[in-house]
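Numbering (UniProt numbering), first residue to last: 1 to 184.
Even glycine gets a Cβ: it sits at the ideal position worked out from N, Cα and C.
If you're wondering where the values come from, they're calculated on a predicted model, not measured in any experiment.
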Ligand SMILES: Cc1cc2nc3c(=O)[nH]c(=O)nc-3n(C[C@H](O)[C@H](O)[C@H](O)COP(=O)(O)O)c2cc1C
């Protein structure tokens with residue numbers, strides 16, 4: 001039987017929540033990517049990794065990239081978790097900024113929506129988000145059109161949002177199910 005491991009890297013919990021849901025559905029093992037010995041990943045047929053997006057970069061991805069050669073013949077699924085909706089241009093942008101064409105070809109990639117609560121942010125993140133807010137406000141003042149995502153982002157500073165949904169993991173579960181049945 002195929003063995004699956006679900007790895008995650010989170011700052012505020014959304015990526016961990018998705019990883020827990022996936023591991024629960026699959027009865028797979030679950031680890032924070034910081035705590036796993038890469039040698040142990042050899043024992044699995046399917047590796048799922050989810051990391052949160054910060055300034056378009058997927059957290060924790062360097063560990064996956066460093067060990068990617070040893071994942072030959074394994075199914076590798078990577079998902080990002082961010083405030084942006086999972087539109088195709090958002091997904092293409094995340095892929096282009098985080099993966100080489102060689103890696104893109106070998107993985108299956110998904111983007112899941114997380115949440116945003118300005119009040120809970122660490123100081124460094126608060127400062128970065130304040131800078132982004134003043135950039136967006138400057139755009140508005142100059143009469144430049146804000147995109148729907150930018151307007152949504154501005155609104156989220158005053159009201160916390162949580163887009164996490166168990167339903168969003170279904171395409172990932174389907175993909176793993178196809179793989180495990182193919183290997184049964
Ligand atoms: C400083 C900062 C930068 C962020 N950059 C992005 C981004 O580039 N794209 C995106 O979709 N979300 C971005 N977000 C939103 C986070 O990805 C979102 O809150 C996510 O749910 C965090 O996941 P976590 O709870 O697993 O850490 C950013 C949030 C902060 C605080």
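C-alpha of residue 97 to C-alpha of residue 65: approximately 14 Å in a straight line. Your pair residue 10 and residue 48 does not check out as a contact, with CB atoms roughly 14 Å apart and the cut at 8 Å. CA-to-CA, the gap between residue 44 and residue 107 works out to about 15 Å. Bounds of the alpha helix (DSSP H) holding residue 150 are 148-156. Counting only residues of its own chain and dropping the five nearest sequence neighbours on each side, residue 53 has a CB closer than 6 Å to the CB of 80 and 82.
The Cβ atoms of residue 169 and residue 21 sit closer than 8 Å to each other. Beta-bridge analysis with DSSP links residue 91 to no other residue. Judged by DSSP in its simplified three-state form, residue 136 adopts helix. Comparing C-alpha distances from residue 102 to each of 72, 159, 140 and 148 shows the shortest one belongs to 72. Set against 7 Å, the gap from the CB of residue 154 to the closest heavy atom of ligand 1 is not smaller. Separation of the CB atoms of residue 2 and residue 46 is rounded to 6 Å, and the pair is thereby assigned contact status at 8 Å. By DSSP's assignment, residue 181 forms no beta bridge with any residue.
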